[in-house]
Amino acid sequence: MEEIRLDDHQPFDLELTLCCGQTFRWSKIGDWWYGTVGDKVLKIRQAYGKLEFENASRKMVEEYFGLKDDLQEILRQIAKDQHMQRVVRTVKGLRILRQNPWECLVSYICATYKSIPAISRMLHCLCKKFGEKIFFDGYVFYTFPEAESLAKAGLADLAECGLGYRAKYVLETAKKVYSGELQVESLRLKGFKEARRELLILKGVGLKVADCVLLFSLEKLEAFPVDVWVKRALIRHYASHLDGNFIRKVASKRSPSIREYELLSSFGRNYFGKFAGYAQEYLYHFERQNFKLNLLP
DNA sequence: GTGACACCTGGTAG
DNA sequence: ACTACCAGGTGTC
């Protein structure tokens, strides 16, 4: 077992980071968290100001959990107003993960119009059916399937995992990645706008899905995904920064049009700056938390 | 360039 | 048990 000592000035909350909806495949057994990163099962827990982990290198853990981000400085930069100051005081130690881009892309294609428990189920089923089985600590885990496995799968096989109409999007994307037509990893090297343009070519990938993939796996911390929760947060707390008619309009319907999405998202990017993605995650979590606690109508 | 509307299916509140 | 409704949106007319 190895450990990483956590600095008081660089807050990190493992549980919050894994449970805030950016990733769907971690499970807690006893007081340990288990998840597959690459082809290995990572076992990790947090206690008394340190992280203890097994089966992974220190470098990998730091990389995956975004421990290299200067969170204190990031929070300082995004806390531009009273609301955000309150949010960063309340939500402590949430970090943006650096997930595998391929897995992240498929996960968010699957995530459209689904609840989080349902997304977890779908992905678990995909991994069980098409991934590699790994035994670790007396438990069974599965890796996320390679593009090749999904590309060679039939639509019916994918649909069996409850993907529904998403099955054809996943299959099509898997084929593009397997053939090399799309190199997901290489998008890391491109700028936000260009990487986003390439993702948007894919069927089943709209602005929201693209922004999630950019933020959670492609190192684009300025990406500002706008889902129903973030939309609510913006309407509630940032209406004064936006046009009144526009706010009324987006408030009146469930999902925004492309233009409306872009207005909301670019507001986030411009207002919060190069770490807008962090601002988004904090707003998202705060809004959901308050909803669960019944503090919001 | 916008705006309804359907979409697969599982979870969950009544 | 059974129904109704909604879900981290997107593609299509």
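Its first residue numbered 26, the first sequence is counted upward by one per residue in this note's numbering.
Glycine is no exception: its CB is placed at the ideal position from the N, C-alpha and C atoms.
In this structure, residue 178 sits away from residue 207, with a CB-CB distance that is not shorter than 8 Å.
Under the three-state reduction of DSSP, residue 230 is assigned to coil, being neither helix nor strand.
With respect to the 8 Å criterion, residue 235 and residue 221 are classified as neighbours on the basis of their beta carbons. Around the beta carbon of residue 310, 16 or more other beta carbons sit within 10 angstroms, so the residue counts as buried.
Annotation for residue 306: the continuous alpha helix (DSSP H) segment containing it runs 301-317.
Each of 181, 273, 255 and 227 was checked against the Cα of residue 201, and the nearest Cα belongs to 227.
Between residue 249 and residue 313, the C-beta spacing is not below 8 Å. Residue 251 counts as buried, since at least 16 other C-beta atoms from the protein chains shown sit within 10 angstroms of its C-beta. Residue 60 is bridged by DSSP to 67.
It is roughly 14 Å from the alpha-carbon of residue 147 to the alpha-carbon of residue 129. Close CB contacts of residue 305 within its chain, under the 7 Å cut and outside five residues either way in sequence, are with 249, 250, 255 and 293 (chain order). By the C-beta density criterion, residue 165 is exposed, having fewer than 16 other C-beta atoms within 10 angstroms.
Around the CB of residue 74, fewer than 16 other CB atoms lie within 10 Å, so the residue is classed as exposed. Your pair residue 303 and residue 99 checks out as a contact, with CB atoms roughly 5 Å apart and the cut at 8 Å. In the three-state reduction of the DSSP assignment, residue 53 falls in the strand class, which pools E and B. Under DSSP, residue 75 takes part in a beta bridge, and its partners are 30 and 72.
Residue 49 sits away from residue 124, with the two beta carbons spaced by 8 Å or more.
Membership of residue 161 in the beta strand (DSSP E) is indicated by the continuous run 158-161. Judged by DSSP in its simplified three-state form, residue 165 adopts strand. Between residue 42 and residue 96 the beta-carbon gap is near 11 Å, outside 8 Å, which marks them as no contact.
For the region 70-147, the full-length beta strand (DSSP E) segments reaching 3 residues or more read 75-79 along the chain.
Taking C-beta atoms as the reference points, residue 76 and residue 28 count as a pair closer than 8 Å. By the C-beta density criterion, residue 317 is exposed, having fewer than 16 other C-beta atoms within 10 angstroms. The Cβ neighbour count for residue 30, taken over all protein chains shown within 10 Å, is under 16; the residue is labelled exposed.
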